[in-house]
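Numbered per the working numbering, the sequence shown spans residues 124 to 336. Here is the structure we will look at.
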Amino acid sequence: MRNYLLLFSTLLLFINLSFSQEDQDSIPKTEIDSVQADLADKGVVIKDSVSFKKAKKEFNPLAPSKAAFYSAVIPGLGQIYNKRYWKVPIVWGAIGGSAYMYIYNNDQYQRFRTAFKRRQAGFTDDEFNGEGTLPLFDEDDLEYQQERFQNDRDLWLVAAIGLYALNIVDANVDAHLKQFNIDDDLSIDFEPYLDFNQVTNSPNYGMALIIKF
């Protein structure tokens, strides 16, 4: 009796395995290819027959150095390299405005300095002697105006140098931030998922939450 039961159990197991193999073989390969081709048209890179993910963004370690170098050569060029075009007018306006104010104050300083030196030498033929359209400036006024424009000139020179350095730093940091946190080796990630249901003979796909430890 025990032999009959063993033989019957073996027969049932063989029949079950046969039907399982037929169910797996019943999934047409053309349907798999059709689903994968449809997903590929949508920009999804398929890794294998059941899983896929988007292509990894390329990391360029030299990009921050290049951006800083370009901004050092020509202010704003690093921002163009980073494709931050809206920053270029700001960079040019800030540095150009500072340079203009430096030149303006330096010109005024030279005018009053020349007039002050001639007054001390005993000449009164300068442009601030009150005979022209400008009011009369005595020696004290000329000295005060000379010092005022000299201080303003020096301040604008410091501002221009600071803005030039800030332009380089901005290009370097911006290039770093553009490549920040692009590695796929994260603690939590989302990936597209594709599988086939052998019972209903239909594909199942969606988004899979992956937690890495």
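Glycine included, C-beta positions come from ideal geometry on N, C-alpha and C. As the structure is a computational prediction, the values presented were derived from the model and not from experiment.
| query | result |
| --- | --- |
| Alpha helix (DSSP H) runs contained entirely in the region 184 to 248, provided each spans 4 or more residues | 186 to 196, 200 to 204 and 210 to 243 |
| Rounded separation between D277 and Y225 - CA only | 7 Å |
| Distance CB(Q302)-CB(A186) smaller than 8 Å | yes |
| Start-to-end residues for the alpha helix (DSSP H) that takes in Q268 | E262 to K301 |
| Sequence-distant residues of the same chain with beta carbon closer than 7 Å to L200, five excluded per side | Y193 and S194 |
| Among L265, G285, L286 and P258, the one whose alpha carbon lies nearest that of Q231 | L265 |
| Inter-residue spacing [alpha-carbon to alpha-carbon] between N183 and I213 | 27 Å |
| From I284, Q268, N205 and S221, residue whose alpha carbon lies closest to that of A298 | N205 |
| Option in A282, Y287 and S325 with minimal Cα separation from V196 | Y287 |
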